[in-house]
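Visitor:
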């Protein structure tokens, strides 16, 4: 393995660096994008209790620190009582921040998938230039040595593709995973707004009895 790396020349170094970065990002994003961290089932079950408990600052602050879904729900709860346009803007702003966090390092992963084949091609071109320079200087001479030089020049292309193909597959997987998580968070926000609307008093209904059946007069 070390002989192959040495035969590929200096271009193998950035390809290996890209490989290490892609592996690190894959492990980090694979851990961070688990459903139970982004959309905790515990939080989903507690939503009716959160609405009934009220909208005080301490609860909202704790919710904001809970998870990505918690940050969006906290924005919705903090806007309770405001105009719907303001509430929607705050929810969308929180959603943009959460999406930016979920997509962390994905641009780097996509860049690695695009650049490593080009690095491999660059190494091959440099290797072929050296081969033809040797031919110009001393003639064909030894065809076996010439074939060996060409095979070494192609090593960098093989290395670049070996890194790029799985990296691109992982990149596309994470993109789809994030889309799935975003849809799930949108569904939970809609559910929260429906719960809030259900708890709010209707016309002529006392606030303390909102969402509860009316009591018969004694």
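Residue numbers (the working numbering): 11 to 228.
Note that beta-carbon positions come from the ideal geometry of N, C-alpha and C, so glycine has one too.
Only a predicted model underlies this, so the values are computations on that prediction, with no experimental measurement involved.
#1: Cα separation between residue 161 and residue 19?
#2: Just confirm the distance between the C-beta atoms of residue 115 and residue 188, as a whole number of angstroms; I'd bet it's less than 8 Å.
#3: Between 145, 141, 164, which has its C-alpha nearest residue 134's C-alpha?
#4: Does residue 179 pass the burial test, meaning 16 or more other C-beta atoms within 10 Å, or should it be called exposed?
#5: Whose C-beta lies closer than 6 Å to the C-beta of residue 78 among residues of the same chain, with five residues either side of it excluded?
#6: Please say whether residue 63 and residue 82 have beta carbons closer to each other than 8 Å?
#7: Sort 69, 29, 73 by Cα distance to residue 50 and report the nearest one.
#8: What three-state label does DSSP hand residue 20 in the structure shown?
#9: Residue 147 to residue 183, Cα distance in whole Å?
Guide: The structure says:
#1: 13 Å
#2: Not confirmed; about 12 Å, so no contact.
#3: 164
#4: exposed
#5: 48, 108
#6: no
#7: 73
#8: coil
#9: 50 Å
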